[in-house]
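The listed protein sequences correspond, in order, to chains A and B. Numbering of the first sequence is given in my numbering, commencing with residue 1 and proceeding in unit increments. Numbering of the second sequence is given in my numbering, commencing with residue 1001 and proceeding in unit increments. We treat Cβ as the ideally placed atom computed from N, Cα and C, and that holds for glycine. A quick note: this is a predicted structure, and the numbers were derived from the prediction, not measured.
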Amino acid sequence: MKLIVAFLKPFKLDDVKDRLQRLGVTGMSVSEVRGFGRQAGHTEVYRGAEYTVDFVPKIRIEVIASDEITPAIVRAITEAGHTGEIGDGKIIVMPVDEVVRIRTGERGEDAL
Amino acid sequence: MTASPLVGYLEAREHLASVGWELGDERTLSDLMDAAIIELADSMPSGSVVVAIGGYGRRVMALHSDVDLLFLHADEIQADVEQRVLRPLWDAKLKVGHLSNTPEAARVFAGTRLDAISTFLTARPVTGETGTFDRFWALFKGLLEKEHAQIVSMLATEERNRRKLAPYRLMAADLKTGRGGIRSIDLLDWRRRLFSIQQAPTAPIEIEQRLRAEMTRARSAVHFAAGRLHDAYDFELRERAAGFLGLNVVEFGRLILALQRETEARVDTDWPEVRGGRRLTMAAMDTPALTSRDAVTQSAFDDAVAGIVPEWSRIRDTPHVVPFHRYPVGEHSLACVDEMARLLDGTDDAIATEAAAAVSSPATLLWAALLHDIGKGAGEPHARTGARLLADVDLDSIVDQPELLRFLVEHHLVLADLATRYDIDDPGVVSWVGERFADSESLAALYLLTVADSLATGTDTWNEWRAGLVRRAYRRVEREIRARHMPEDVQVELLSDRVAAASPGLAPDVIRRHLAGFGEVYRRGHSPEEIAHHIALALAPRAPGEIRIDITPGNPATMIVITEDRPGLLLTVSGVLALNRLSITDARFATRSDGLVFDSFDIVGADRAPIDQGSLDAVAAEMTAAIRRRFDLSDAVHAKRDTYRPVERSGFEPSVVIEAEGVGGGKITVETPDRIGLIFDLGRVFQRYTMPIKRARVDTRGGIAYDVFWVDRLPADRATLQQDLLEAL
């Protein structure tokens, strides 16, 4: 099993969610985060005054999936989250030792 | 062997949990508990009495109500006897509150403690020595007579504090102690009992009995859903609780809200002292009936609003079904008014402060806050429905800017949507949104409404994350609106510099000539990089009739068609794409003054998947051939369309809005569930009316297509055109 964490532009969330649902992904955590990567914030001009916004709003999604479906999920997020511009985000894939569904006690892929 | 009365009580409760709750069951449970107490206290010594107090004393028990008992003993406390009554109740896992005392000590205990006094006010002997109870009641009555004024004042303070601490009724309301809950009915009842000690009851109480019985029924449903004594109507309990009464979540929500409102109205009517601390500050409104908020009841306020906007009555008790909404629709609207009033007074939000200064009619914004969700529950999308409902309302009589009010209601989600669901780095998107605003004031007003709406939605709906996005979107649109007011030659000059910077190889005069051939919509709807790309594509000498198709792979892929303008071009392009099962997610059409079109299409494959290079090349070849030969693709497209099921978007009504724009021209806005061949079908109608499309914006979001087409001329009979377009959808 893998934990897939992705940082996306906020407006791409609907597209990514649609794609993952079509893949049969039934659960996803979403959080609102702020940060910077190579994008390093952006400059806004407002009424002639220019100032820098240090942290850029992003969406962080987390999905736990079986090893088999993980490549398809990564591909779907890459495609749906893509704009081609700086700041499209990152996808991180990590191994998962165990998953337990608290309600039933099911473990492993049965708990996904 | 006959089951004990306590077992009878427990079985009755189980039975009610399985068959549902009827009015009157609250009394049935109380009577069964009486029987249980009588049997358990069978061996009470003389001089002792078991007294029911609290809700049980009033003979009202919900499904998992606690059992409040007062053990009175003539001389000294008989702890062992009490244990014989209490232990079986505890063993049955009932929640029991009990107090043991002599009549004198009980009276001292009550003192001026409101919780004890209110609990004792409904005291009644269940079994035992009634003489001991009478002795207690005489002492207690003396206390009530002596402290009458102070106790009544404490009751009023409790109700006033309830309203002050919870300015609005909650979705997750506590049905016992929350606004309009049973406790408010109790206060009326206690107050009446206090008065009845000195004089005859002041008013009939049938209404309160009905309200109490109905709220106890609702409370029992929540107890059932929670499986225990729990009075908060929490989100996760709603479906199960509603089902207990044979209702759906919306019906049950409406029932609770109606009961709460009727209860508060009853308190307001019967008890003017608690009306203080009204929750709305609407003095800025110019409507006489709404200005003196402290002097009127909530019912009077609601009646006054409904007198102007009848739909207010419909949304007043409409629940929200999504968990992030803290308040029901009507309460959310009132909270939004308060937040708007605060924003207009000035906040730490620099943009809000500037926006407030730009607003010329604060009353219009307060009304917009009150009515922004007026379309909820009357059809989706509710913002558009709300604007439609307000079309028949005489808004001139209440605000200075009725058009701004309607605009704000219709577009109240635009800024939040733009911020979170659109790419605001796309100049076309910002341009498209900017077109909706008549001026900076309407944008400022919308910013304030967006913030007030978010603040009034939930505790975390307006956080720094969301605020940052909305502020950024606001700035972009604000800049766009200001740019529109620049002289055209300045706009062209500034843009030329940016295009040159994007593509240093292009000669400045070539850039200026290209830009001069278009209107401002093209200039604002394309990035400098896109314009530079257009110029590069068109730079090489062209043969007459030559068709240039450029495709940039990606998801979406971008296809640019450059050729001479001709009738039916859109039809051919959209038809070929539909035949290849490709969807257009964004389209921009532009015709240069020399007759050359620069049409741009963002396209994706089935299920929004990327399109491989081979397919893109094939589409380009097919497109070139189809444009050249002017095929009629209608039959083929419809055959293709019929093999695919459209995305289900239940409840979304397609709409077509036709507006005049410029001299004879017009703008046609279409919103409908997306499907294969949609643009093609619309294009056929445009062609039938011989209406060349000057430009268009196509956008698809969440399965809904939002398309806008600008045409040079509109037919005289717009209603028929609208009908034909709706049929094509």
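Q: Name the residue from G1131(B), E1104(B), A1116(B) whose alpha carbon lies nearest to the alpha carbon of L1139(B).
A: Here the question's residue 1139(B) lines up with position 139 in the second sequence. Nearest neighbour of L1139(B) by Cα position, chosen from G1131(B), E1104(B), A1116(B), turns out to be E1104(B).
Q. For the beta strand (DSSP E) that contains I1551(B), what are its first and last residues?
A. Taking the first residue of the second sequence as 1, we reach residue 1551(B) at position 551. 1548-1552 is the span of the beta strand (DSSP E), which, as asked, contains I1551(B).
Q | Proximity of A1452(B) and M1340(B) at Cβ, strictly below 8 Å | A | The residue given as residue 1452(B) occupies position 452 in the second sequence. The residue given as residue 1340(B) occupies position 340 in the second sequence. Taking 8 Å as the Cβ cut-off, A1452(B) and M1340(B) qualify as a contacting pair.
Q: Below 7 Å between beta carbons is the criterion; list the residues of the stretch 1412-1434 of chain B that meet it against any residue of chain A, in chain order.
A: T1420, R1421, Y1422, D1423, D1425
**Q.** Cα-Cα separation, G1505(B) to A1363(B)
**A.** Translated into the one-based positions of the second sequence, residue 1505(B) becomes position 505. Translated into the one-based positions of the second sequence, residue 1363(B) becomes position 363. Computed Cα separation, rounded: 55 Å.
Q: Sort R1059(B), L1023(B), L1175(B), S1043(B) by Cα distance to L1032(B) and report the nearest one.
A: Translated into positions along the second sequence, residue 1032(B) becomes position 32. Checked all of R1059(B), L1023(B), L1175(B), S1043(B); the closest Cα to L1032(B) is R1059(B).
**Q.** Segment limits, alpha helix (DSSP H) that includes H1514(B)
**A.** Counting from one through the second sequence, the residue named residue 1514(B) turns up at place 514. Where H1514(B) is concerned, the enclosing alpha helix (DSSP H) stretches over 1508-1516.
**Q.** chain B within 8 Å of E79(A), Cβ atoms only
**A.** As a first step, residue 79(A) is located in the first sequence; it is residue number 79 there, counting from the start. It does: the Cβ of E79(A) has a partner Cβ on chain B nearer than 8 Å.
Q.
Which residue wins for smallest C-alpha separation from A1516(B), given the options A1502(B), L1494(B), A1501(B)?
A. Here residue 1516(B) refers to the residue found at position 516 when the second sequence is read from its first residue. Its Cα nearest to that of A1516(B), the residue L1494(B) stands out among A1502(B), L1494(B), A1501(B).
Q: Over the uninterrupted alpha helix (DSSP H) stretch that includes I1351(B), give me the two end residues.
A: Here residue 1351(B) refers to the residue found at position 351 of the second sequence. 1350-1358 is the span of the alpha helix (DSSP H), which, as asked, contains I1351(B).
Q. Along the chain, where does the beta strand (DSSP E) that runs through R1675(B) open and close?
A. Taking the second sequence and counting its residues from 1, one reaches residue 1675(B) at position 675. Segment: none, R1675(B) is in no beta strand (DSSP E) and carries neither H nor E.
Q) Taking all protein chains shown into account, do 16 or more other C-beta atoms lie within 10 angstroms of the C-beta of W1462(B), making it buried, or fewer, making it exposed? A) Translated into positions along the second sequence, residue 1462(B) becomes position 462. The residue in question, W1462(B), is buried, as its Cβ has 16 or more Cβ neighbours within 10 Å.
Q) Mind checking whether V1359(B) and A1445(B) have CB atoms under 8 Å apart? A) Reading the second sequence from its first residue, position 359 is the one you call residue 1359(B). Reading the second sequence from its first residue, position 445 is the one you call residue 1445(B). Yes, the Cβ-Cβ distance between V1359(B) and A1445(B) is below 8 Å.
Q) Nearest-angstrom Cα distance between T1720(B) and I1668(B)? A) In the second sequence, residue 1720(B) corresponds to position 720, counting from 1. In the second sequence, residue 1668(B) corresponds to position 668, counting from 1. Cα to Cα, T1720(B) sits roughly 13 Å from I1668(B).
Q. In angstroms, rounded to a whole number, what distance separates the CA positions of M1154(B) and I1117(B)?
A. Here residue 1154(B) corresponds to residue number 154 of the second sequence, with the count starting at 1. Here residue 1117(B) corresponds to residue number 117 of the second sequence, with the count starting at 1. Cα to Cα, the separation comes out at about 11 Å.
Q) Which one or two residues does DSSP pair with D1599(B) in a beta bridge? A) The residue given as residue 1599(B) occupies position 599 in the second sequence. Bridge partners of D1599(B): V1561(B).
**Q.** Proximity test, Cβ basis, 8 Å: R83(A) and chain B
**A.** In the first sequence, counting from the first residue as 1, residue 83(A) sits at position 83. Here residue 83(A) is Thr; the residue named in the question, Arg, does not match the sequence. Judged by the 8 Å Cβ criterion, T83(A) is in contact with chain B.
Q: Identify, in the order they occur along the chain, each residue of the same chain with its Cβ nearer than 6 Å to the Cβ of S1454(B), setting aside the five sequence neighbours on each side.
A: Position 454 of the second sequence holds residue 1454(B). For S1454(B), where only same-chain residues beyond five positions count, the Cβ hits under 6 Å are T1461, W1462.
Q. Do Q1722(B) and L1571(B) have their CB atoms nearer than 8 Å?
A. As a first step, residue 1722(B) must be located in the second sequence, where it is residue number 722. As a first step, residue 1571(B) must be located in the second sequence, where it is residue number 571. Their beta carbons are not under 8 Å apart, which means Q1722(B) does not touch L1571(B) by this criterion.
Q. Is R1087(B) helix, strand or coil by DSSP?
A. What you label residue 1087(B) is simply residue 87 of the second sequence in a count that begins at 1. Correct three-state label for R1087(B): helix.
Q.
Taking the alpha-carbon of A1036(B) as reference, which of T1112(B), I1205(B), P1673(B), L1069(B) has the nearest alpha-carbon?
A. Residue 1036(B) sits at position 36 when you count from the first residue of the second sequence. Comparing Cα-Cα distances from A1036(B) to each of T1112(B), I1205(B), P1673(B), L1069(B), the minimum goes to L1069(B).
Q) Considering only residues of the same chain and omitting the five flanking positions on each side of A1306(B), which have a CB-CB separation below 6 Å? A) In the second sequence, residue 1306(B) corresponds to position 306, counting from 1. Here the set comprises W1312, S1313.
Q) Using a beta-carbon distance below 8 Å, is G1554(B) in contact with chain A? A) As a first step, residue 1554(B) is located in the second sequence; it is residue number 554 there, counting from the start. Chain A contact via Cβ: present.
Q. Using DSSP with H/G/I as helix, E/B as strand and the rest coil, what is L1714(B)?
A. Residue 1714(B) sits at position 714 when you count from the first residue of the second sequence. Looking at L1714(B) - three-state DSSP - the assignment turns out to be coil, as it is neither helix nor strand.
**Q.** Contact check, I1535(B) vs I1627(B), beta carbons under 8 Å
**A.** Reading the second sequence from its first residue, position 535 is the one you call residue 1535(B). Reading the second sequence from its first residue, position 627 is the one you call residue 1627(B). Result no, Cβ atoms of I1535(B) and I1627(B) do not sit closer than 8 Å.
Q) So, helix, strand or coil for K17(A), using DSSP? A) Position 17 of the first sequence, counting from 1, holds the residue named residue 17(A). In the displayed model, K17(A) falls within a helix according to three-state DSSP.
Q: Give the single residue among D1134(B), A1587(B), E1653(B) whose Cα lies nearest to the Cα of V1698(B).
A: Position 698 of the second sequence holds residue 1698(B). Closest in alpha carbon position to V1698(B), among D1134(B), A1587(B), E1653(B), is A1587(B).
**Q.** T1129(B): first and last residue of the uninterrupted alpha helix (DSSP H) it sits in
**A.** Along the second sequence, read from residue 1 onward, the residue named residue 1129(B) stands at position 129. Reading off the sequence shown, one finds Glu at residue 1129(B), where the question assumed Thr. Counting along the chain, E1129(B) falls outside any alpha helix (DSSP H), and DSSP gives it neither H nor E.
Q | Residue-chain proximity (L1094(B), chain A), Cβ-Cβ < 8 Å | A | The residue you call residue 1094(B) lines up with position 94 of the second sequence. Answer no: the Cβ-Cβ gap between L1094(B) and chain A never drops below 8 Å.
(Q) Quick check: the stretch 1018-1032 of chain B against the stretch 1157-1165 of chain B, are at least 3 beta-carbon pairs closer than 8 Å? (A) no
Q | D1161(B) - DSSP class collapsed to helix/strand/coil | A | Within the second sequence, numbered from 1, the residue matching residue 1161(B) stands at position 161. Here residue 1161(B) is Asn; the residue named in the question, Asp, does not match the sequence. Helix at N1161(B).
Q | Contacts of W1465(B) in chain A (Cβ-Cβ under 7 Å) | A | Residue 1465(B) sits at position 465 when you count from the first residue of the second sequence. Chain A residues near W1465(B): E32, R34, P57.
Q. So, is N1555(B) buried or exposed, given that buried needs 16 or more other C-beta atoms within 10 angstroms?
A. Along the second sequence, read from residue 1 onward, the residue named residue 1555(B) stands at position 555. Counting Cβ neighbours within 10 Å, N1555(B) comes out buried, since at least 16 surround it.
(Q) By the DSSP assignment, the beta strand (DSSP E) with D1586(B) in it spans what residues? (A) Here residue 1586(B) refers to the residue found at position 586 of the second sequence. Its beta strand (DSSP E) spans residues 1583-1588.
Q: Using DSSP bridges, identify the partner residues of K58(A).
A: Residue numbering aside, residue 58(A) sits at position 58 when the first sequence is read from its first letter. According to DSSP, which records beta bridges pairwise, K58(A) is partnered with V33(A).
Q. Of all Cβ atoms in chain C, is any one closer than 8 Å to the Cβ of D67(A)?
A. The structure shown contains no chain C; its protein chains are A and B.
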